Structures are given as C-alpha cells and as structure tokens.
Amino acid sequence: MKEVLLSHDSKVLMYLVPDEVAENLEEYCWEFAANWIWNDPNGAKLLKEVRGQVVAFYGAPNFIDYLNEWLFPEQPSRLVRQFDFYSYEIPEEYQGYPRYNF
Numbered sequence: 000m001k002e003v004l005l006s007h008d009s010k011v012l013m014y015l016v017p018d019e020v021a022e023n024l025e026e027y028c029w030e031f032a033a034n035w036i037w038n039d040p041n042g043a044k045l046l047k048e049v050r051g052q053v054v055a056f057y058g059a060p061n062f063i064d065y066l067n068e069w070l071f072p073e074q075p076s077r078l079v080r081q082f083d084f085y086s087y088e089i090p091e092e093y094q095g096y097p098r099y100n101f
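When we follow numbering that gives the first Met the number 0, the leftmost residue of the sequence shown carries the number 0, and every step to the right adds one.
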C-alpha cells in the first residue's frame, strides 16, 4: 500500500491505496471518471440530471469507494490525512507523491 494525494479543486486528502493504483494513479482515476461512472450500471448512482443534461457528481471519496467495492476489495484503501492546503498549493515535501485532482 502506498500514499497518494487526491483532491477535487479543494483541500488535499492523503489516501493509502494498493501499490498498483499508486503506480498508475492517472489511469485508474481516468478509468473511473471517464468510463466507469458513465458506462457501468454501478456508476450510475453518481449521475444526476441537471436542466435536462446528465452530469456526474463525484470526488476522491467516490473514487476510493470504487476501488474498495469493485477493484480491490481485498486491499481496502483508506483516508490517512486531510491537509489544510489546496491542490494548487502542494508543499515541497509532498511534491513526489502520486496525485490527482478530479
């Protein structure tokens, strides 16, 4: 398990995720946001109709639920820490961490 930084144009959250996810974070996040939500019946819970258009509402906790429920139930990811800084203010000490802003 490795630490990653996730955000949604908001404060940064540090999660412990399976090594495979941390090492390929962008691909896993992209698959979740661009494919799973829109094409898997289980992702439909994150879709809402707004003024006649279907819109996806999701963030880091939804991504973690996706990992835990559908991809890595034997290696559950978990929140380690919430920071007071935002996705555009990553301090030097965390610059090397895998990160993704939804």
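Backbone N, C-alpha and C fix where the C-beta goes; we use that ideal spot for every residue, glycine too.
Owing to the predicted nature of the structure, the values given are computational and were not obtained by experimental measurement.
In chain order, each beta strand (DSSP E) run of at least 3 residues that lies wholly inside the region 9-90: 10-16, 46-49, 52-55 and 77-85
Three CB pairs or more closer than 8 Å across the region 60-69 and the region 83-93: No, the region 60-69 does not touch the region 83-93.
Distance between beta carbons of Phe82 and Val11, contact taken as under 8 Å: Residue mapping note: residue 11 aligns to position 12 of the sequence shown, counting from 1. Residue mapping note: residue 82 aligns to position 83 of the sequence shown, counting from 1. Rounded, the Cβ-Cβ distance is 5 Å, consistent with contact.
Glu92, enclosing beta strand (DSSP E) - first and last residue: For the purposes of this step, residue 92 is identified with residue 93 of the sequence shown, where counting begins at 1. Per DSSP, Glu92 lies in no beta strand (DSSP E) and is assigned neither H nor E.
Candidates Val16, Ser6 and Asp8, of which the one nearest Arg77 by Cα: Counting from 1 along the sequence shown, the entry for residue 77 is found at position 78. Considering only alpha carbons, the answer is Val16.
Exposure label - Phe56; buried when at least 16 CB within 10 Å: Here residue 56 refers to the residue found at position 57 of the sequence shown. It counts as exposed.
Between the CA atoms of Pro60 and Asn41 - distance to the nearest angstrom: Translated into positions along the sequence shown, residue 41 becomes position 42. Translated into positions along the sequence shown, residue 60 becomes position 61. Cα to Cα, Asn41 sits roughly 15 Å from Pro60.
Cβ shell of Ala21 (< 7 Å), same chain only, five flanking positions each side left out: Taking the first residue of the sequence shown as position 1, residue 21 is located at position 22. Counting only Cβ-Cβ distances below 7 Å, and skipping sequence neighbours, we find Lys1, Val3 and Pro97.
Same chain only: Cβ atoms within 7 Å of Gly58, ignoring 5 sequence neighbours per side: Here residue 58 refers to the residue found at position 59 when the sequence shown is read from its first residue. Closer than 7 Å at the Cβ level, and outside the excluded window around Gly58, lie His7 and Phe101.
7 Å CB neighbourhood of Leu45 in its chain, flanking five on each side removed: On the sequence shown, position 46 is the one that residue 45 refers to. So the qualifying residues of the chain are Ile36, Ala55, Phe56, Tyr57 and Asn61.
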